[in-house]
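*Asks:*
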Amino acid sequence: MIIQSIPIPESRIIPVSPLTRAAFAPFGTAIANPRPECRPQNTSPASIGTGALPYGAVSANQGSAIQYRALASMQNLYGDNDQHNDGSKRREAATADPAATPRMTMFVCAARDLGASSTFQVNVLERHPFTSQTFIPLTADAEKRYLVIVAPTLPVPAAANADKSSLPPTPPREEEEEEEGQAASTTTTGDREKFRLPGPGLPDLGRIAAFVATGEQAVTYGAGTWHAPMVALGPAGSTIDFVVVQFANDVPVMDCQEVELTGYDGDRMGSTTGKESRKIVVQVPRIKTGAAAKL
807 MIIQSIPIPE SRIIPVSPLT RAAFAPFGTA IANPRPECRP QNTSPASIGT GALPYGAVSA
867 NQGSAIQYRA LASMQNLYGD NDQHNDGSKR REAATADPAA TPRMTMFVCA ARDLGASSTF
927 QVNVLERHPF TSQTFIPLTA DAEKRYLVIV APTLPVPAAA NADKSSLPPT PPREEEEEEE
987 GQAASTTTTG DREKFRLPGP GLPDLGRIAA FVATGEQAVT YGAGTWHAPM VALGPAGSTI
1047 DFVVVQFAND VPVMDCQEVE LTGYDGDRMG STTGKESRKI VVQVPRIKTG AAAKL
């Protein structure tokens, strides 16, 4: 659901970095086998039991598997939404929003056309304010690639209502929770990195980041994280299938909020008015013949 159009302040070319757990931690979780060299055949249950492996690893399935129990988490924050869009508290149970339920869907994503410049133009950013969202590629091809494009969240200005920067409610920022005497909202389990709720503001277009992931990696966007719709890479006509796991309650503005980026003040990206449009593009590594480009 598009809730607002925002102007691009200046054109930018975004480089890409490999998707790693540490680099992506402020936005969610990059998911991959943390110790691919350790297999049940060469790692005994006794050694696993000593805590030598990360993320709460245990021996499973009669010693034929290694389970990393604290690799990532799911976030369902729909129950924390106790405010109307105008900020007033709900006082009657009858006004409560529908309960969210876990959803598993599939996205069949066509490879994007990058053109001769091998760039992807960012036209839309979205967020799921009350749920994490995990994309799991269904491919055995480690050379499959996809882009993960994210942006930090701006603080909400004091005059938000006047300048239309306020958006539908999202989970409170850490400082707001502390003011209410509550614990800070973070996600931590075992060795897992912290993820702090980003707050209700608009995306920071000056700090957009882009990562390239392989078919051996899944990615979880943390609740409220601004990100671009999925960008599959590959030859024309190819696709990547993703299983997507999240919560939803079928209230459009609560399940997904989108902002449209405009190249001119008040005009949509790609419009022509006789002057150059401002654009945000991601520079994508070119695919080499017979193999994906390595970063």
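Numbering-wise (my numbering), the sequence shown opens with residue 807 and increments by one. Beta carbons: idealized from backbone N, C-alpha and C, even for Gly. Note that this is a predicted model, so its numbers are computed, not measured.
1) Quick one: give me the first and last residue of the alpha helix (DSSP H) that residue 827 is part of.
2) Would you mind sorting residue 807 into buried or exposed? The rule is 16 or more other CB atoms within 10 Å of its CB.
3) Looking at the secondary structure, which residues open and close the alpha helix (DSSP H) in which residue 1059 lies?
4) Pop quiz: residue 814 and residue 1067 are said to be a contact at Cβ under 8 Å. What is the actual Cβ separation, rounded to whole angstroms?
5) Looking only at its own chain, which residues have a Cβ that is under 8 Å from the Cβ of residue 1090, when we skip the five neighbours before and after it?
6) What is the rounded straight-line gap between the Cα of residue 945 and the Cα of residue 878?
7) Taking DSSP's pairing of strands, which residues face residue 934 in a bridge?
8) Hey, would you say residue 1033 sits closer than 8 Å to residue 914, going by beta carbons?
9) Going by Cα to Cα distance, which pick from 809, 1048, 1043 and 1086 is closest to residue 910?
10) With residue 838 and residue 1023 assumed to form a contact (beta carbons below 8 Å), what rounded beta-carbon distance in angstroms separates them?
11) Run the CB neighbour count on residue 819, radius 10 Å, all protein chains shown included, and call it buried at 16 or more, exposed below.
12) Does DSSP classify residue 834 as helix, strand or coil?
13) Between residue 1025 and residue 852, what straight-line distance do the alpha-carbon atoms span, to the nearest angstrom?
14) Can you tell me the Cα-Cα spacing of residue 817 and residue 869, whole angstroms?
15) State the Cα-Cα distance for the pair residue 935 and residue 1005, rounded to the nearest angstrom.
16) Find out if the Cβ-Cβ distance for the pair residue 1065, residue 931 is shorter than 8 Å.
17) Determine the burial state of residue 1030: buried for a count of at least 16 other Cβ atoms within 10 Å of its Cβ, exposed for fewer.
18) Beta carbon of residue 1063, beta carbon of residue 812: below 8 Å?
19) Which one of 842, 1014, 872 and 867 has the shortest CA to CA distance from residue 854?
20) Who pairs with residue 1086 in a beta bridge, going by DSSP?
21) Three-state secondary structure (DSSP) at residue 845?
22) Suppose the cutoff is 8 Å on Cβ atoms and the five residues either side in sequence are ignored; what does the same chain contact list for residue 866 look like?
23) On the three-state DSSP scale, how would you describe residue 1006?
24) When the Cα of residue 830 is compared with those of 1042, 1055, 1083 and 1015, which residue comes out closest?
25) Which residue marks the beginning of the beta strand (DSSP E) containing residue 808, and which one marks its end?
26) For residue 939 versus residue 1057, is the C-beta distance shorter than 8 Å?
27) Does the Cβ-Cβ distance between residue 1059 and residue 928 come in under 8 Å?
28) List the endpoints of the continuous alpha helix (DSSP H) containing residue 851.
29) Distance, Cα to Cα, residue 1044 vs residue 916?
30) Does DSSP put residue 884 in a helix, a strand or coil?
31) In the DSSP assignment, find the unbroken beta strand (DSSP E) run with residue 1024 in it and report its ends.
*Replies:* Judging by the given coordinates:
1) Start and end: 827 to 830.
2) With fewer than 16 other CB atoms across the displayed protein chains lying within 10 angstroms of its CB, residue 807 is exposed.
3) Residues 1058 to 1061.
4) Contact between residue 814 and residue 1067 is confirmed by a C-beta separation of about 5 Å, below the 8 Å threshold.
5) Around residue 1090, the same chain offers 822, 920, 924, 925, 926, 953, 1018 and 1039 as residues with beta carbons nearer than 8 Å, after the five sequence neighbours per side are excluded.
6) Counting only the Cα atoms, residue 878 lies some 20 Å from residue 945.
7) When DSSP reads this structure, residue 934 sits in no beta bridge, so it has no partner.
8) A distance of 8 Å or more separates the beta carbons of residue 1033 and residue 914.
9) Residue 1048 is the option with its Cα nearest to residue 910.
10) Confirmed, about 5 Å.
11) By the neighbour-count rule (16 or more Cβ atoms within 10 Å), residue 819 is not buried but exposed.
12) Strand.
13) Looking at the backbone, the Cα of residue 1025 and that of residue 852 are separated by about 31 Å.
14) Using only the alpha carbons, I get a separation of about 54 Å.
15) Going from the Cα of residue 935 to the Cα of residue 1005 covers about 9 Å.
16) Contact flag set, yes.
17) The residue is buried, with at least 16 neighbouring Cβ atoms inside 10 Å.
18) One thing to note: residue 1063 has its Cβ no nearer than 8 Å to the Cβ of residue 812.
19) Of all alpha-carbon atoms in 842, 1014, 872 and 867, the one lying nearest the alpha-carbon of residue 854 is that of 872.
20) 818.
21) DSSP places residue 845 in coil when its eight states are reduced to three.
22) The beta carbon of residue 866 sits closer than 8 Å to the beta carbons of 872 and 873 from its chain, once the five residues preceding and following it are set aside; these are given in chain order.
23) Three-state DSSP puts residue 1006 in coil, outside helix and strand.
24) Nearest of 1042, 1055, 1083 and 1015 to residue 830, Cα basis: 1015.
25) Note, residue 808: beta strand (DSSP E), 808 to 813.
26) No.
27) The answer is no: Cβ separation not under 8 Å.
28) Looking at the DSSP string, the run of the alpha helix (DSSP H) that includes residue 851 is 851 to 855.
29) Between residue 1044 and residue 916, the C-alpha separation is close to 6 Å.
30) DSSP places residue 884 within a helical segment (H, G or I) once states are collapsed to three.
31) Boundaries of the beta strand (DSSP E) harbouring residue 1024: 1024 to 1027, taken from the DSSP string.
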